[in-house]
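Residue numbers (full-length UniProt numbering): 1 to 198. From the three backbone atoms N, C-alpha and C, an ideal C-beta is built for every residue, glycine too.
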């Protein structure tokens, strides 16, 4: 077993992929999973990535986190929708998992109070059917959501890659004020997962 582990580590180091080797839970068998199985998302150790995304989505004055000198950040409320698959617009298990990571990171990194929202309740596709978000503020803005900003997340899980897209949107105007994209590459190596982030 030691030789196998040393071989795997040497392979990663010598391959120059710059990836990170993740040990997975004992019940997860990476090599037995389909390439785009949602279960693999929970094994990718995404918390640090979502902390980075949240820091980029915070307003400039709140990006340092919950500090005593940032009273304008504390108490601000923002809607964070469920992450949905960019093709089906359904969150599935992976989207719900990533939504929770995003809400936690926004709350901890930006000091914002977080309102949970379902994507389909607030956003629609363009009339052309393109995978691009368009907004009609009159349809979106309602009394049930009295806040000005929202964070919307979409994702695409493919063979060996997870793409994350997070937008900070002004609900009144529909303008995107910040857009963050992350690409996480992964590869099964036995029961281990090698990941790298672009």
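Taking a contact as a CB-CB distance under 8 Å, the pair residue 57 and residue 168 counts as one, their CB atoms being some 5 Å apart. Distance check between residue 85 and each of 157, 179, 182, 59 places 157 closest, using alpha-carbon atoms only. By the Cβ criterion, the segment 176 to 191 is in contact with the segment 46 to 54, since at least three pairs of Cβ atoms, one from each stretch, lie closer than 8 Å. The beta-carbon distance between residue 153 and residue 98, rounded to whole angstroms, is 7 Å. This is short enough to meet the 8 Å contact definition. The C-alpha of residue 151 lies about 34 Å from the C-alpha of residue 191. When the beta-carbon positions are compared, residue 111 and residue 62 come within less than 8 Å of each other.
Within the same chain, 46, 47, 50 come within 8 Å of residue 101 by CB-CB distance, once the 5 residues on both sides are set aside. For residue 50, no beta strand (DSSP E) encloses it; the enclosing alpha helix (DSSP H) starts and ends at 47 to 57.
By the Cβ neighbour-count rule, residue 77 is exposed, with fewer than 16 other Cβ atoms within 10 Å of its own.
Note that the C-beta distance between residue 115 and residue 149 is not below 8 Å. Burial state of residue 87 is exposed, judged by a 10 Å Cβ sphere holding fewer than 16 other Cβ atoms. Remark: C-beta atoms of residue 41 and residue 164 do not approach each other more closely than 8 Å. Residue pairing by DSSP puts residue 168 in a beta bridge opposite 151, 178.
Looking from the CA of residue 59, the closest CA among 38, 44, 107 belongs to 107. For residue 101, there is no enclosing beta strand (DSSP E); the residue is found in the alpha helix (DSSP H) stretching over 92 to 110. For residue 42, the secondary structure class from DSSP, reduced to helix, strand or coil, is helix. Within the DSSP secondary-structure output, residue 117 pairs in a beta bridge with 81.
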